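Novice:
In the working numbering, the protein residues as written are -3 to 322.
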């Protein structure tokens, strides 16, 4: 009892260390750190975050500032900087004859890819949701195209679409569906749908995986309670699966829209923007300004506009994603 009283009064125990006190003498607050400064928690936190911070500054902030500077300048690719000319690059870009057709085509392509990709990915995820014999094989087969690079997949489809060496056109002829060789990239409509087919084939498995994780997060007792209440499959899907799957759907929507608005590789390999610039995307237009017309200022101005649009769109989608996750 005496020992307890002595500790309760704040006096040191016999043979023990004196109790630590805060500078204010109240006994509350953080303990005073007396070691080297590099062993403090703030210093350790800075040390862990420093490599990522350096990476972000070197590979994101510095290029972003440089693009903004170039967008305000007359900057030929081979002649160097000739001084500020703001806002000429932006006004000339707005008056480009190819800009608005490229914007319309990019939005059309984004809408088609997003609707088809999310619909097919959701269907595949529902098919392989339950564990049955062979489910693992189907999941692997569906996901396998995602392991292929986009450039490699585009070259593969370029060969398959070829009316001379590709297998699709002769197969359609043998089946009697067409009378002669089919040019899958020869018309604007055929080129668009051929590229959409490539992207849906390549990314449906990847989005299926995201949606499958979302489906498996839904508690099974919710479905059991719905079945006990007499709910059918469609009513269960509409009232339980879709509402609880909204965070995963929002994430796939964000990835699909952003990737489609930045589409370049597949069109560069398959169509080169043709025929007659009908498959020219906004990013393809930026490439043309920079490396064919050698005008880095105009290309940087278009890049700044695209970045601003994507930033606004992504902020809106992130707010929607956060709202559906609560």
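Note that beta-carbon positions come from the ideal geometry of N, C-alpha and C, so glycine has one too. Quick caveat: nothing in here was measured; it's all calculated off a predicted structure.
#1: Scan the region 257 to 285 and note each continuous alpha helix (DSSP H) run of 4 residues or more that stays entirely inside, going in chain order.
#2: Are three or more beta carbon pairs between the region 211 to 225 and the region 235 to 249 nearer than 8 Å?
#3: Give every residue of the same chain whose Cβ lies closer than 8 Å to the Cβ of residue 168, excluding the five residues on either side of it in the sequence, and list them in chain order.
#4: Locate the alpha helix (DSSP H) running through residue 201, then write down its first and last residues.
#5: So, helix, strand or coil for residue 72, using DSSP?
#6: Going straight from the alpha carbon of residue 61 to that of residue 54, what length do you get?
#7: So, is residue 66 buried or exposed, given that buried needs 16 or more other C-beta atoms within 10 angstroms?
#8: Short of 8 Å in beta carbon distance, which residues of its chain neighbour residue 39, apart from the five on each side in sequence? Order them along the chain.
#9: For residue 22, is the classification buried or exposed, using 16 other Cβ atoms within 10 angstroms of its Cβ as the cut-off for buried?
#10: In terms of residue numbering, what span does the alpha helix (DSSP H) encompassing residue 51 cover?
#11: Could you work out which residue in 225, 293, 200 is closest to residue 118 when comparing CA atoms only?
#12: Taking residue 89 as the reference, which of 314, 163, 285, 273 has the closest Cα?
#13: For the alpha helix (DSSP H) containing residue 98, name the first residue and the last one.
#14: Quick check: is the beta carbon of residue 294 nearer than 9 Å to any beta carbon in chain D?
#15: Between the alpha carbons of residue 223 and residue 256, how many angstroms are there, rounded?
#16: Alpha carbon to alpha carbon, how far is residue 82 from residue 68?
Specialist: Based on what the coordinates show:
#1: 261 to 266
#2: yes
#3: 174, 178
#4: 184 to 212
#5: strand
#6: 11 Å
#7: buried
#8: 33
#9: Because the pLDDT at residue 22 is just 46, under 50, the model does not fix this residue reliably, and the value given afterwards should be weighed accordingly. Exposed is the call here.
#10: 37 to 52
#11: 200
#12: 285
#13: 95 to 123
#14: Absence of chain D from the displayed structure is noted, only one protein chain being present.
#15: 39 Å
#16: 5 Å
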